[in-house]
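Numbering of the sequence shown is given in our numbering, commencing with residue -2 and proceeding in unit increments.
Glycine residues also receive a C-beta, built at the ideal position from the N, C-alpha and C atoms.
The structure under discussion appears below in the form of structure tokens.
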Amino acid sequence: MAKTDGARLAVLVSGRGSNFEALHLGLHALDDRPAHIVGLISDQPQALALEKAERFAVPSQVIERNRYESKAAFESALVAALKTLEPNWIVLAGFMRVLSADAIAPFAGRMINIHPSLLPKHRGLHTHERVLAAREAVHGASIHFVTPELDGGPVLSQVTMAVEDNDDPDTLAKRLLPLEHRLMRATVALLATNEVKCVHGEITINGQVLRQPLRLGHDLDDHGQRMGQPDTR
Ligand code: GAR
């Protein structure tokens, strides 16, 4: 039995849900959980993530865009469902919709998204193909605060990996996914155990302005602790 359950997380998905699964299992393995997932919402009724949520006994619901006459009505339903979950943080983990300013506003500074590129490079889809087309030597994933601009919000954390000569989009995606999972777990732990704010496009951690995204393995360890920080205790 966990001693604490920590921060409340709501997770938004559209598909496979491997980041959701990694986050849930990672948190579950801890005695003192920095956070726990209070609900999963999918915009796709067929999403594999829903089966995973059922298996883990995480409450889930489907809110489908085409059941509503407008994007605004769909987003109102989504916002209402999220509010009911009373989350401290909302995690977009493969949620393939762009939310409008009205849907983000109630949760401003509390919504993060994982994206498979080193933002600001390669916003949008087909990031692995685009890294190869640009002959880049380094690829990675980012977690950023959600703004109405697609994959455009301030970047909190990143993980990098080398691109090999014989890589294709599939090998890149396969190698990046476990790194995404580590980044997701570490970043959520960071958020749950520090005062992290994003106001007017500026991220602060415990009152200190973040000048560069935290790099997993360099500035951030797998438990969400800052690395190389002066000990100010
Ligand atoms: C992940 O690779 C995530 O970075 C990407 O979708 C995949 C979801 O996988 N997100 C985006 O492209 C958002 N722009 P998952 O459902 O197995 O976690």
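Among the residues of its own chain, which have a CB less than 8 angstroms from the CB of residue i, if the five just before and after it don't count?
i: LEU115; result: VAL135, HIS136, GLY137, ALA138, SER139, GLN155 and THR157
Using a Cβ-Cβ cutoff of less than 7 angstroms, which residues in the same chain neighbour residue i once the five nearest sequence positions on both sides are dropped?
i: GLY121; result: LEU147 and ASP148
i: GLU61; result: ASP40 and PRO42
Residues in its own chain within less than 6 angstroms of residue i by CB, not counting five upstream and five downstream?
i: ARG13; result: LEU45
i: LEU187; result: GLY221
i: THR144; result: GLY150
i: TYR65; result: PHE71
Where does residue i sit, in a helix, a strand or coil, going by DSSP?
i: ARG179; result: helix
i: ARG230; result: At ARG230, the pLDDT of 48 sits below 50, so the modelled position is not reliable and the matter cannot be decided from this model.
i: ALA26; result: coil
i: VAL206; result: strand
i: ARG13; result: coil
i: VAL185; result: helix
i: ALA18; result: For the sequence presented, residue 18 should be read as Glu rather than Ala. It is helical.
Provide the residue span of the beta strand (DSSP E) that contains residue i, from first to last.
i: LEU37; result: 32 to 39
i: ALA7; result: 4 to 10
i: GLN58; result: 57 to 59
i: VAL193; result: 193 to 196
For residue i and residue j, I'd like the C-alpha separation in whole angstroms.
i: LEU6; j: GLY36; result: 7 angstroms
i: LEU173; j: SER67; result: 35 angstroms
i: ARG230; j: GLY23; result: Because the pLDDT at ARG230 is just 48, under 50, the model does not fix this residue reliably, and the value given afterwards should be weighed accordingly. Taking the straight line joining both Cα atoms gives about 29 angstroms.
i: PHE142; j: ASN63; result: 26 angstroms
i: PRO117; j: VAL59; result: 31 angstroms
i: HIS112; j: GLY91; result: 8 angstroms
i: ASP165; j: LYS171; result: 10 angstroms
i: GLU83; j: VAL76; result: 11 angstroms
Residue i lies in the alpha helix (DSSP H); which residues open and close that run?
i: GLU51; result: 45 to 52
Considering only residues of the stretch 68 to 153, which uninterrupted alpha helix (DSSP H) runs meet the minimum length of 4 residues and lie entirely inside it, listed in chain order? 68 to 82, 98 to 101 and 124 to 130
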